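Same order as they appear, the protein sequences are chains A and B.
Sequence positions in the first sequence follow our numbering and run 67 to 461.
Sequence positions in the second sequence follow our numbering and run 67 to 461.
We put the beta carbon where it would ideally sit given N, CA and C, even for glycine.
Please read these numbers as outputs of a predicted model, since none were measured by experiment.
A short write-up of the structure that comes next.
Number of protein chains: 2
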Amino acid sequence: MKSPKTGSSWGWLFLIWPLLAWSGESTLRGTGDLGVIIERGSGRILIVNTSSNSIVQRVDGLGDLSHASVVFSRDQRYAYVFGRDGGLSKVDILQGTLEKHIKQSGNSIGGAISQDGRLIAVANYEPGGLKVFSADTLEQVADIPAVYDGDKLSKVVGIADLPGSRFIYSLFDADQIWIADIHDAKTPQVEKFVGVGRAPYDGLVTPDGRYYLAGLFGEDGIALLDTWQPRRGVRRILANYGQGEQKLPVYKMPHLRGWAVAGQRIYLPAVGRHEVLVAEMPSAKEVARIAVRGQPVFVVARPDGRQVWVNFAFPDNGFVQVIDTLTNQIIQTLEPGKAILHLEFTPRGEAVWVSARDDNKVVIYDTANFAKLAELPAENPSGIFFTARAHRIGF
Amino acid sequence: MKSPKTGSSWGWLFLIWPLLAWSGESTLRGTGDLGVIIERGSGRILIVNTSSNSIVQRVDGLGDLSHASVVFSRDQRYAYVFGRDGGLSKVDILQGTLEKHIKQSGNSIGGAISQDGRLIAVANYEPGGLKVFSADTLEQVADIPAVYDGDKLSKVVGIADLPGSRFIYSLFDADQIWIADIHDAKTPQVEKFVGVGRAPYDGLVTPDGRYYLAGLFGEDGIALLDTWQPRRGVRRILANYGQGEQKLPVYKMPHLRGWAVAGQRIYLPAVGRHEVLVAEMPSAKEVARIAVRGQPVFVVARPDGRQVWVNFAFPDNGFVQVIDTLTNQIIQTLEPGKAILHLEFTPRGEAVWVSARDDNKVVIYDTANFAKLAELPAENPSGIFFTARAHRIGF
């Protein structure tokens, strides 16, 4: 396109317009293959592309992102980032802009997005409770303090979405599980399950949205609620799950959110042991133990369930191991870099992205042959989140 | 773009530019909540938005779309539409443009996209075989005629993707199942399973990508292949599945692609009977039969598996019934309109879209309370496909 050399004073505008138009065009793209990587130390996220294995852009100013997590809008255009400092950010991942940032509490541990995509819920430590926001504006629409024993407030952990504008979460200090129904935000309905076990510290919902499992810090075993039949109440499963009779030094509590559900089996990290446990669902009967390199932290299934990938606590946090779920054998041991914090599979599982915090890089592997596909520079990367999560239950 | 004639005439360009820029801006949006509806008679598709329950635009010129199906690129920007007349179209659903249209055979029955999104495979009746195209350019990269008995060519049906650039499909005339590995397009590797049963007419892969099931037209039962253990070969399951001893008039062969997998159970249409069968996987042992309104065609699970929705062959094709999978009871009977052809759930299942061909409309329901959310005008609508399919295995 030629620029005019003479004539009216419109000329400079004409020069500018193509740039403006281009800036729009440059972001005209699908959002199904995008994702977000947390740069833990710098309050920054990377927007990445899983088709080209590349970084698209960086977005700054999100606050304290240690232990941050992310959910996506149902159109997959916006990432909601939950910071440890109570910050809640809405990022436009197409334009690479921080749309809005609020400080909604003093300390928080993650959040969830409702089934219809209209509500964002945040689990708060300080003040203990659930806050719910409009996904559109980030205006607060509900506040549900986690009150117990009269006037005490409990830390809230292990939040996940359930069908129908509902959220399920655990009260660490109160030994309770709550289901909040925000269908009418002005009068939220809360169903409470008490005495679920000592100090639930994390929780997850199975991929079908049916079972909620809460790990217990204060005793062995797992609290299980069948949300299709809540009146049956919470029952204890895997009674020996935890540190067991002989207390073991635990370097890092495993993330339940990282548990793997492959077919009818659930793969979970043994607390304090160099083992991955295998249990049948829904009975949760233990069927196998697999010896692994170190204390497992994340135990994640490839989307087709054929492989389970495991990372470890210090001092084995430079390793990643791969279990073949058909044989329950370890078929690969990788050393992607120093301090492996997180793993995320591409939506259909052909590749996996691994963050190596102390090597300032993210490493991408082909899951079929374990070939290294790419390394991307990132400053102390931690969590990796792809937009396909928008379409999943329990994230 | 026209070139300017005189210096002073820049004004009109300035007026035009905002429109050009806006036209870019108008399509700057996420693609996670988009979808495509086939307008069966008119060679046209509707691009729709599942957040606003609305039609975004129409795209014309796709040829014969009776029995058409759709897959999506991994970035969810492009829809690949497989026409009955052998047409293969690539549609940019952000811009609403027909990017490319080729006639790749005389008669085809559907296609699939590879795990990495690079290959499009089409199952052809005439000439019988598999053709594989670059997803980017639609250039043909492989041609695998379905040769049997020397020089005969079989119709190919029931195609699905498997991990690792592989496609699985059935040869209707040859009683075979083939797995084609297109990792190296110049020398595709084909694994053949012969004598799988008389006349496989459709097939599906379970959501984990592990089991391939082919319905048999020529005899009772289902052919099952465990693709994780292919050397174990194809075995026959549900031996009584089909028309049974007393042959029944079948008004429309049920679509296997519409089978529902809910938890460890599979819900499938009984051929020729007013029943939905329930079988446990992976044993495929029949555990229940549910009496329904008519001969079921599609039996589809809500993404969380709690509900299974069923439509029917003539003369009951104005009804839709909903089964609660916890109790296996019918909890709702709806009459959305005349000639219900297809159902598609939103990715997390809060709504379902239903096409009523002879009422020229698509009806949208809330799956929690069965309230009608919207009706959209569409000319003889058939298949409905949402972009979340891009992230799934076996579609």
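Any chain A beta carbon closer than 8 Å to residue 139 of chain B: Here residue 139 of chain B is taken as the residue at index 73 of the second sequence, counted from 1. Yes, because at least one Cβ of chain A sits closer than 8 Å to the Cβ of residue 139 of chain B.
Unbroken beta strand (DSSP E) run spanning residue 423 of chain A, endpoints: Position 357 of the first sequence holds residue 423 of chain A. Residue 423 of chain A -> no beta strand (DSSP E), and no H or E assigned at all.
Under 7 Å from any heavy atom of the ligand FMN, does the C-beta of residue 286 of chain A make it? As presented, the structure is devoid of all ligands, the ligand FMN included, so that no description of it is given.
Quick one, are the C-beta atoms of residue 422 of chain B and residue 404 of chain B less than 8 Å apart? Sequence index remark: in the second sequence, residue 422 of chain B carries index 356 (1-based). Sequence index remark: in the second sequence, residue 404 of chain B carries index 338 (1-based). Their beta carbons are under 8 Å apart, which means residue 422 of chain B touches residue 404 of chain B by this criterion.
Continuous beta strand (DSSP E) stretch holding residue 294 of chain A: start and end: Counting from 1 along the first sequence, the entry for residue 294 of chain A is found at position 228. Residue 294 of chain A -> no beta strand (DSSP E), and no H or E assigned at all.
Smallest Cα separation from residue 242 of chain B: which of B:451, B:257 and B:250? Position 176 of the second sequence, counted from the first residue, corresponds to residue 242 of chain B. Comparing Cα-Cα distances from residue 242 of chain B to each of B:451, B:257 and B:250, the minimum goes to B:257.
Rounded separation between residue 169 of chain A and residue 124 of chain B - CA only: The residue you call residue 169 of chain A lines up with position 103 of the first sequence. The residue you call residue 124 of chain B lines up with position 58 of the second sequence. Cα to Cα, the separation comes out at about 43 Å.
Where does residue 30 of chain A land, buried or exposed, given buried means 16+ other C-beta within 10 angstroms? For chain A, the structure presents residues 67 to 461; residue 30 of chain A sits outside this window and is missing.
Contact check, residue 98 of chain B vs residue 141 of chain A under 8 Å by CB: the rounded distance? In the second sequence, the residue the question calls residue 98 of chain B occupies position 32. In the first sequence, the residue the question calls residue 141 of chain A occupies position 75. So it is a contact: roughly 5 Å between Cβ atoms.
So, are the CB atoms of residue 267 of chain A and residue 287 of chain A less than 8 Å apart? Position 201 of the first sequence, counted from the start, is the residue given in the question as residue 267 of chain A. Position 221 of the first sequence, counted from the start, is the residue given in the question as residue 287 of chain A. Taking 8 Å as the Cβ cut-off, residue 267 of chain A and residue 287 of chain A do not qualify as a contacting pair.
Can residue 111 of chain B and residue 128 of chain B be called in contact, C-beta distance under 8 Å? Position 45 of the second sequence, counted from the start, is the residue given in the question as residue 111 of chain B. Position 62 of the second sequence, counted from the start, is the residue given in the question as residue 128 of chain B. Yes, the pair counts as a contact, with Cβ atoms nearer than the cut-off.
With C-beta atoms as the reference, is residue 103 of chain A less than 8 Å away from residue 178 of chain A? Here residue 103 of chain A is taken as the residue at index 37 of the first sequence, counted from 1. Here residue 178 of chain A is taken as the residue at index 112 of the first sequence, counted from 1. Cβ atoms of residue 103 of chain A and residue 178 of chain A: not closer than 8 Å.
For my contact list, residue 107 of chain B and residue 410 of chain B are in at a C-beta cut-off of 8 Å; report their separation, rounded to the angstrom. Translated into positions along the second sequence, residue 107 of chain B becomes position 41. Translated into positions along the second sequence, residue 410 of chain B becomes position 344. About 20 Å; that fails the 8 Å criterion.
Can you list, in chain order, the residues of its chain whose CB lies under 8 Å from that of residue 251 of chain A, leaving out five sequence neighbours each side? Looking up residue 251 of chain A in the first sequence gives position 185. Excluding sequence neighbours, residue 251 of chain A sits near 185, 198, 207 and 208.
Using beta-carbon positions only, say whether residue 457 of chain A and residue 437 of chain B come within less than 8 Å of one another. As a working note, residue 457 of chain A is residue 391 in the first sequence. As a working note, residue 437 of chain B is residue 371 in the second sequence. In this structure, residue 437 of chain B does not lie closer than 8 Å to residue 457 of chain A by Cβ.
Counting only beta-carbon separations shorter than 8 Å, does residue 248 of chain A have a partner in chain B? Numbered from its first residue, the first sequence carries residue 248 of chain A at position 182. With 8 Å as the cut-off, residue 248 of chain A does not count as an interface residue toward chain B.
Could you tell me whether the stretch 273-281 of chain B touches the stretch 226-237 of chain B, where touching means 3 or more Cβ pairs closer than 8 Å? yes
Expressed to the nearest angstrom, what Euclidean distance is found between the alpha-carbon atoms of residue 346 of chain B and residue 393 of chain B? Your numbering for residue 346 of chain B matches position 280 in the second sequence. Your numbering for residue 393 of chain B matches position 327 in the second sequence. For residue 346 of chain B and residue 393 of chain B, the distance between alpha carbons rounds to 15 Å.
Please decide whether residue 443 of chain B counts as near chain A, where near means a Cβ-Cβ distance under 8 Å. Here residue 443 of chain B refers to the residue found at position 377 of the second sequence. With 8 Å as the cut-off, residue 443 of chain B does not count as an interface residue toward chain A.
Less than 8 Å between the C-beta atoms of residue 415 of chain A and residue 370 of chain A, yes or no? Position 349 of the first sequence, counted from the first residue, corresponds to residue 415 of chain A. Position 304 of the first sequence, counted from the first residue, corresponds to residue 370 of chain A. Result yes, Cβ atoms of residue 415 of chain A and residue 370 of chain A sit closer than 8 Å.
Taking only three categories from DSSP, how would you classify residue 110 of chain A? Counting from one through the first sequence, the residue named residue 110 of chain A turns up at place 44. Three-state DSSP puts residue 110 of chain A in a strand.
Could you tell me the distance, in whole angstroms, from the CA atom of residue 376 of chain A to the CA atom of residue 365 of chain A? On the first sequence, residue 376 of chain A is found 310 positions in, with the first residue counted as 1. On the first sequence, residue 365 of chain A is found 299 positions in, with the first residue counted as 1. Straight-line Cα distance between these residues: approximately 5 Å.
Sheet register partners of residue 341 of chain B (DSSP bridge): Taking the first residue of the second sequence as 1, we reach residue 341 of chain B at position 275. Paired residues: B:357.
By alpha-carbon positions, which one of B:130, B:459, B:172 and B:126 ends up nearest to residue 162 of chain B? What you label residue 162 of chain B is simply residue 96 of the second sequence in a count that begins at 1. Per the Cα distances, B:126.
Straight-line Cα distance separating residue 356 of chain A from residue 449 of chain B: Indexing the second sequence from 1 puts residue 449 of chain B at position 383. Indexing the first sequence from 1 puts residue 356 of chain A at position 290. Computed Cα separation, rounded: 45 Å.
Kindly say whether residue 459 of chain A, judged by its beta-carbon, lies nearer than 8 Å to any beta-carbon of chain B. Here residue 459 of chain A refers to the residue found at position 393 of the first sequence. Yes, its Cβ sits closer than 8 Å to a Cβ of chain B.
With burial defined as no fewer than 16 other Cβ atoms inside 10 Å of the residue's Cβ, what is the status of residue 221 of chain A: buried or exposed? Position 155 of the first sequence, counting from 1, holds the residue named residue 221 of chain A. Classification for residue 221 of chain A: buried.
Rounded to whole angstroms, what is the Cα-Cα separation between residue 384 of chain A and residue 388 of chain B? Taking the first residue of the first sequence as position 1, residue 384 of chain A is located at position 318. Taking the first residue of the second sequence as position 1, residue 388 of chain B is located at position 322. Between residue 384 of chain A and residue 388 of chain B, the C-alpha separation is close to 50 Å.
By the three-class DSSP mapping on this structure, what secondary structure does residue 453 of chain B have? Here the question's residue 453 of chain B lines up with position 387 in the second sequence. Looking at residue 453 of chain B - three-state DSSP - the assignment turns out to be helix.
Determine the direct distance from the alpha carbon of residue 396 of chain B to that of residue 425 of chain B, and round the result to whole angstroms. As a first step, residue 425 of chain B is located in the second sequence; it is residue number 359 there, counting from the start. As a first step, residue 396 of chain B is located in the second sequence; it is residue number 330 there, counting from the start. Cα to Cα, residue 425 of chain B sits roughly 25 Å from residue 396 of chain B.
Using CA coordinates, which residue listed in A:143, A:176, A:400 and A:328 is at the minimum distance from residue 275 of chain B? On the second sequence, residue 275 of chain B is found 209 positions in, with the first residue counted as 1. Nearest of A:143, A:176, A:400 and A:328 to residue 275 of chain B, Cα basis: A:328.
If I follow the unbroken beta strand (DSSP E) through residue 377 of chain B, where does it start and stop? Stepping through the second sequence from its first residue, residue 377 of chain B is reached at position 311. That run of the beta strand (DSSP E) goes 373-378.
Own chain partners of residue 262 of chain B with C-beta closer than 7 Å, once the 5 adjacent residues on each side are dropped: Stepping through the second sequence from its first residue, residue 262 of chain B is reached at position 196. Correct list, in chain order: 241, 242, 243, 280, 289 and 300.
Own chain residues within Cβ distance below 7 Å of residue 96 of chain A, not counting five before or after: As a first step, residue 96 of chain A must be located in the first sequence, where it is residue number 30. There are no such residues.
Strictly under 8 Å for the Cβ-Cβ distance: is residue 155 of chain A near chain B by that measure? As a working note, residue 155 of chain A is residue 89 in the first sequence. Chain B, which has no Cβ nearer than 8 Å to the Cβ of residue 155 of chain A, makes this no.
Spatial neighbours of residue 271 of chain A within its chain, please: C-beta separation below 6 Å, excluding the five flanking residues on both sides. Here residue 271 of chain A corresponds to residue number 205 of the first sequence, with the count starting at 1. Around residue 271 of chain A: 226, 278 and 460.
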